[in-house]
Amino acid sequence: MRGSTLKEILKQSGITVSELARRVDVPQQTLYSMVKRDNQKVDFDLMMRICSELNVPLECMCEGITSPAMPDAEEMNLVSRYRRLDESGRKLTNLVIDHELCRVESEVSEESTEMKIIPLYATPAAAGYASPALGEDYTDYMIPASSKADFAVRIDGDSMEPYIADGSVALCKRGAIIHDGDVGLFFVDDDMKCKQYCQDYAGNVYLFSANRKRSDADVEIKASAGIMLMCFGKVLLEKSIPLPEM
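Everything in the sequence shown is counted per our numbering, starting at 1 for the first residue and increasing by one.
Structural data, given as structure tokens:
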């Protein structure tokens, strides 16, 4: 019901809210609340009494309010058929409807998600370029705009399985702080490696393979070696990887 319309009709008729409340036998506060709001739900019987007392058609009280579309013939046929089902049939039908509603809502959600484009490097080594423009070993890759990643690499090798599979795409963030247990892209021995980072109390750095069957690919950098370790990005994972026992 449109309260603004009722308020205008009362003004034109010279009838106060308290007088109308008395005539239709409702508390004054009920009508005062009604005239302050539009699109308010009102008991149908009360609506009819108000319209009758004010001598106005019911439609004028609902002007401008969008009402739900009436079922078409096909929808009415579905309702009729649903009513003929037994309890088992209705449960099965409800399950199918729930499943399809979830699918449709999921598709709508995916379509409405904002996306952004980042460079996807064909190998971790290609990510070592200072800028994608300096190398041709990348393609555009689309990800959700909410992701913190600013580049991606295609992993080459099985040393990080089962957490990062051979040939999979890893999303990475440049300049992110690396803590013990984090996975990153590190430039070591003239090669880019995707490894799990750890540093001990003495300053020695360890780059572990998550796949302990490939522990031969671990890298240890002694603090006394004077080697500067370069991290080109942190690999963004859904869950943390436990560090191996040292």
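Built from N, CA and C at the ideal position, the CB exists for glycine as well.
Treat the numbers as computed from the prediction; the structure is a model and nothing was measured.
Through-space distance from residue j to residue i, alpha-carbon basis
{"i": "F44", "j": "N94", "result": "31 Å"}
{"i": "I155", "j": "A165", "result": "7 Å"}
{"i": "M230", "j": "D98", "result": "51 Å"}
{"i": "V205", "j": "R103", "result": "47 Å"}
{"i": "D150", "j": "K222", "result": "31 Å"}
{"i": "I50", "j": "K11", "result": "14 Å"}
{"i": "M160", "j": "L101", "result": "38 Å"}
{"i": "A225", "j": "V169", "result": "33 Å"}
{"i": "K148", "j": "F232", "result": "15 Å"}
For residue i, the residue or residues it bridges with in DSSP
{"i": "Y201", "result": "Note: Y201 sits in no beta bridge, so no partner."}
CB of residue i within 8 Å of CB of residue j, strictly
{"i": "V24", "j": "M34", "result": "no"}
{"i": "L171", "j": "L236", "result": "yes"}
{"i": "A145", "j": "K173", "result": "no"}
{"i": "G181", "j": "C194", "result": "no"}
{"i": "L143", "j": "V183", "result": "The sequence given here has Ile at residue 143, not Leu. For I143 and V183, no; Cβs fall outside 8 Å."}
{"i": "V56", "j": "I9", "result": "yes"}
{"i": "L46", "j": "V26", "result": "yes"}
{"i": "R37", "j": "G89", "result": "no"}
Option nearest residue i by Cα separation, candidates the options
{"i": "Y163", "options": "Q196, Y141 and I97", "result": "Q196"}
{"i": "E59", "options": "L243, S13, L92 and L6", "result": "L6"}
{"i": "S209", "options": "P244, F232 and D190", "result": "P244"}
{"i": "L54", "options": "Q29, L92 and R22", "result": "R22"}
{"i": "D158", "options": "E114, S215 and E19", "result": "S215"}
Nearest-angstrom beta carbon gap, residue j and residue i [assumed within contact, 8 Å]
{"i": "I178", "j": "Y141", "result": "I178 to Y141, Cβ: 23 Å. No contact."}
{"i": "V153", "j": "Y121", "result": "5 Å"}
{"i": "P124", "j": "M192", "result": "4 Å"}
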